[in-house]
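J.: Below you'll find the structure I mean.
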Amino acid sequence: MTTTSNNPVVALTGVFKTYTAGEVEVPAVKGVTFTIPRRRFSVIVGPSGSGKTTLLNLIGCLDTPTAGRVVVADQDVATLTDNAISDFRARKVGFIFQNFSLIPVFSAYENVEYPLLMLGVSAPERRRRVTSMLEAVGLADRGRQRPNQLSGGQKQRVAIARALVKEPDLVLADEPTANLDSHTGAAIIELMRRMQEQYSTTFVFSTHDRQLMSHADDTFTIRDGLLVDHVTGAAS
Amino acid sequence: MMLVKIAARNLFRNTRRTVTTLGTITIGAGAVLVFGAYITYIQYAVQTNAVQRTGHLQVFRRGYFAMGTAAPGAWGIDHYTTVLSLIQQDPTLRTLSAVVTPMQLLAGIAGSFENNTSKTFFGVGFVPSDRDQMEQWDEYGTESRGLKRSGLRDSELSKGITGIGLVRILGLCAQLHLENCPPQPAQPSSDLAAEETPAPPVNLAALTSRDKPADAKASAAPTLDLLAATAGGAPNVVSLQVANVELQPWKELDDNYVGMNIGLAQNLVYGRGEHKATSIVVQLHRTQDLEIARSRLLALFREHGLDLEVHDFTELNPQYNQIIGLFGSIFAFITTIIAVVVVFTVSNATSMSVIERTGEIGTTRAMGMRRQGIRKQFLVEGSLLGVIGATLGALLAQIVAYAVNHAGLTWTPPNAGAPVPLRLYTNGAYALIGATWIGLVIVSSLAALLPANRAARLPVVDALRHV
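From first to last, the protein sequence lines are chains Y and U. Position one of the first sequence corresponds to residue 18 (my numbering), numbered consecutively onward. Position one of the second sequence corresponds to residue 13 (my numbering), numbered consecutively onward.
In structure tokens form, the structure reads like this:
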């Protein structure tokens, strides 16, 4: 269930992230500060290697900053233990990946059901929510099919359903259309936008496709690890 | 349950690898179980032989077991018939016992007057009907026979049985119509021997002629003259008609063995004095009652102030524990090798699986799976390999056992005189099957632990980046 708080869902303050490759230190994010409001459809844009994915990883609590503060859904993630961060992700954050990342041994239905199993949701409730979510993404009749029996667009729909089924505060999508043709990509963005409105949640996705920016409420432009622009569009 | 379902599906993502791994575990489990079943059978067969020969327990006069074997006559149990009755009438022991019977051991010189030959012998005096009943003991259905039927009757005091080696040495093969028993070669002449060998000290035939029963004279069976020292130290001689010969399990015994009615043995050892017995043999219905019976015997002797000691068949047959120990060591060695092979196979298969599923590990961790959830997933997969492999191995062992048990193979157990059917005891070997099954599941799980830990420790971001 999404929270009713009006605080920004994401607040980054002076965040740095430096990777070490052998003896070389590679700065990926260089002191970024910004907030992402709730129930918005936000996009992080920038060229390849600009730090989009690193930012999403930090926001999604998949990685820890070298310096700075990351607050997600009113939680300073630096204060959480590894298990607590996992639990936090399980409840609060949904992910959609560029390569879909569906579990190949699960059917579409089971892939959507999996996050609910982790949360210990009862079987009847799981059935209700998964069925409803598959209908919402237009895959009600594909529930039994395994990922290798689905097209790219269908896989990404399953991934969207999987991210939303636990009703998270925040859904992060890392270049969700990169592996899709332009037509399917546009359809996926449409679907994401519709689902964001329908479930009144926050979507943050990264892309280097400037055409997709027109769908966004907020656009954050990243270049060389720095926030270079923030454009606020129409509120949802 | 969901974990098992996921594990089962993951296992068969790479069917060839899983089948290879399962094959290794299955063959390993099968080998352990088949060899374990063989050892179980060996143990039962050797135990059956020992119990048929010596019973489960033997009661001796205190000190006999350590010191008295050199002079059994001097270490006989006084008033042994009273002790025998005491044991036979005790309610506990009566229920547990199949046979309670006296035994007299002795040693001396056996001579054949007709052939002018003589040889030291080791004698056992027994009650023939009790001995024949002891020979029927077969708690485990091995069909092993440590003894042959004596062919003697309790009432025929002068008849006995000997080892084949003894009658061969005494030159009685022809008279007994024995096959594979060559006639005695001419004694190598030696002037020195002729000069130095003294004349026999006693004419055994002359000594025994006055004691020979009438039926012995009428019989065509060869007669042995047995000379032994009585308990008092005087020489004594009796005649024994060789009614039967029996191959003994080892040559030394075969060349020395004389079995006879206990009455004859007692006549030889005690003469006209009080007849005693070297031991009282207690054969139980079931080996598992051995300790209860031993405790009861000792309590009974304490109650009645009897200075007696009790020894079980493992003490009376030292080779029993040696044989079991030897096979136990081989079993442990084989089991260890198989466990090591299973560890490497499962560990390798799980490591490959972790590498192949690194991206997937990243996805599930991103979705909120804790590290221990990842570890548990791979451990369950390792355990499942063990469960399936061990179960198939148990089935394989049953098939092999069935084939061997119906192939008509035979073998001669240690201490047995004749071959018996070779069997693999898998039916009812629940402890063996259970221990092997559990052991392999544990080994498989432990083998998966290292790669499972590696999977659990993967940084989420690195796992997601993995292609």
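We put the CB at the ideal spot given by N, CA and C, even for glycine.
1) In angstroms with no decimal places, state the Cα-to-Cα distance between residue 191(U) and residue 177(U).
2) Could you check whether the Cβ of residue 361(U) sits closer than 8 Å to any Cβ belonging to chain Y?
3) Just to confirm my understanding: we take residue 117(Y), look at its own chain, exclude 5 residues before and 5 after, and list those with CB closer than 8 Å. What are they?
4) Based on DSSP bridge pairs, tell me the residues matched to residue 121(U).
5) Just to confirm before moving on: does the CB-CB distance between residue 68(U) and residue 325(U) stay below 8 Å?
6) Relative to the C-alpha of residue 448(U), which residue among 380(U), 352(U), 347(U) and 422(U) is closest?
7) Please check if any C-beta of chain U sits within less than 8 Å of the C-beta of residue 131(Y).
8) Along the region 48-75 of chain Y, what residues have a CB closer than 7 Å to any CB found in chain U?
9) According to DSSP, what are the bridge partners of residue 55(Y)?
10) Would you please verify whether the beta carbon of residue 371(U) is less than 8 Å from any beta carbon of chain Y?
11) Which same chain residues end up closer than 6 Å to residue 143(U) when comparing Cβ atoms and leaving out the 5 residues on each side of it in sequence?
12) Do residue 114(Y) and residue 375(U) count as a contact pair if the criterion is CB distance below 8 Å?
13) Determine, for residue 39(U), whether the minimum Cβ-Cβ distance to residues of chain Y falls below 8 Å.
14) Near residue 45(U), what residues of its chain come up, given a Cβ to Cβ distance below 7 Å and the 5 sequence neighbours on each side ignored?
15) Please determine, among 15(U), 36(U) and 20(U), the residue with the shortest C-alpha to C-alpha distance to residue 359(U).
16) According to DSSP, residue 295(U) sits in a beta bridge with which residue or residues?
17) Name the chain Y residues whose beta carbon is nearer than 9 Å to that of residue 375(U)?
18) Within the 8 Å Cβ cut-off, does residue 394(U) reach chain Y?
19) On a CA-only basis, which of 38(Y), 111(Y), 50(Y) and 138(Y) is nearest residue 221(Y)? Give me that one, please.
20) Is it true that the region 239-246 of chain U meets the region 77-92 of chain U, where meeting means three or more beta-carbon pairs spaced less than 8 Å apart?
21) Output needed for residue 55(Y): all residues of its chain with C-beta closer than 6 Å, excluding positions within five of it in sequence on either side, in chain order.
22) By the 10 Å Cβ neighbour count, where 16 or more other Cβ atoms means buried, how is residue 43(U) classified, buried or exposed?
23) Could you pull the start and end residues of the alpha helix (DSSP H) that residue 146(U) belongs to?
24) Return the CA-CA distance between residue 86(Y) and residue 182(Y), expressed in angstroms with no decimal places.
25) Residue 353(U): which of 38(U), 368(U), 134(U) and 189(U) sits nearest, CA to CA?
26) Considering only residues of the same chain and omitting the five flanking positions on each side of residue 159(Y), which have a CB-CB separation below 6 Å?
27) Short of 6 Å in beta carbon distance, which residues of its chain neighbour residue 132(U), apart from the five on each side in sequence? Order them along the chain.
28) Any C-beta of chain U sitting closer than 8 Å to the C-beta of residue 104(Y)?
29) First and last residue of the alpha helix (DSSP H) that includes residue 84(U)?
30) Are the C-beta of residue 382(U) and some C-beta of chain Y separated by less than 8 Å?
31) At what residues does the beta strand (DSSP E) containing residue 333(U) begin and finish?
32) Can you tell me whether residue 242(Y) is buried or exposed, with buried defined as 16 or more other CB within 10 angstroms of its CB?
33) Tell me whether residue 103(U) is buried or exposed, calling it buried when 16 or more other Cβ atoms sit within 10 Å of its Cβ.
34) Can you check whether the C-beta of residue 364(U) is within less than 8 Å of a C-beta belonging to chain Y?
35) Over the uninterrupted beta strand (DSSP E) stretch that includes residue 301(U), give me the two end residues.
T.: Looking at the atomic coordinates:
1) Just so you know, the alpha carbons of residue 191(U) and residue 177(U) end up roughly 12 Å apart.
2) No, its Cβ sits nowhere closer than 8 Å to a Cβ of chain Y.
3) Only 164, 169, 172, 173, 175, 176 and 196 meet the Cβ criterion.
4) Under DSSP, residue 121(U) shares a beta bridge with 132(U) and 239(U).
5) Against a cut-off of 8 Å, the Cβ pair of residue 325(U) and residue 68(U) comes out as a contact.
6) Comparing alpha carbon positions, the residue from 380(U), 352(U), 347(U) and 422(U) closest to residue 448(U) is 347(U).
7) It does; some Cβ of chain U falls within 8 Å.
8) Shown in chain order are the members of the region 48-75 of chain Y whose Cβ falls below 7 Å from a Cβ of chain U: 74.
9) Note: residue 55(Y) sits in no beta bridge, so no partner.
10) Proximity of residue 371(U) to chain Y, defined by a Cβ-Cβ separation below 8 Å, is satisfied.
11) Cβ neighbours of residue 143(U) beyond the five flanking positions: 162.
12) Taking 8 Å as the Cβ cut-off, residue 375(U) and residue 114(Y) qualify as a contacting pair.
13) Using a CB distance cut-off of 8 Å, residue 39(U) does not count as an interface residue toward chain Y.
14) Closer than 7 Å at Cβ, skipping near neighbours: 405, 406, 409, 438, 444, 445 and 448.
15) Restricting attention to 15(U), 36(U) and 20(U), the CA atom closest to the CA of residue 359(U) is found in 36(U).
16) Looking at the DSSP assignment, residue 295(U) forms a beta bridge with 111(U).
17) Chain Y residues near residue 375(U): 112, 114, 118, 119 and 120.
18) No, its Cβ sits nowhere closer than 8 Å to a Cβ of chain Y.
19) Residue 111(Y) is the option with its Cα nearest to residue 221(Y).
20) Counting C-beta pairs with one atom in each stretch, the region 239-246 of chain U and the region 77-92 of chain U have three or more that are closer than 8 Å, which means they touch.
21) Answer for residue 55(Y): 26 and 219, listed in chain order.
22) Classified as buried, residue 43(U) has 16 or more neighbouring CB atoms from the shown chains inside 10 Å of its CB.
23) Run containing residue 146(U): 140-146, per the alpha helix (DSSP H) assignment.
24) Cα to Cα, the separation comes out at about 29 Å.
25) When only C-alpha atoms are compared, the closest one is 38(U).
26) These residues qualify, in order along the chain: 125.
27) So the list reads 121, once near-sequence residues are dropped.
28) Judged by the 8 Å Cβ criterion, residue 104(Y) is in contact with chain U.
29) Here residue 84(U) belongs to no alpha helix (DSSP H), and DSSP marks it neither H nor E.
30) Nearest CB-CB separation between residue 382(U) and chain Y: below the 8 Å threshold.
31) Note, residue 333(U): premise wrong, no beta strand (DSSP E); alpha helix (DSSP H) at 330-368.
32) Taking a 10 Å sphere around the C-beta of residue 242(Y), we find 16 or more other C-beta atoms and assign the residue as buried.
33) That one is exposed.
34) No, because no Cβ of chain Y sits closer than 8 Å to the Cβ of residue 364(U).
35) Segment: none, residue 301(U) is in no beta strand (DSSP E) and carries neither H nor E.
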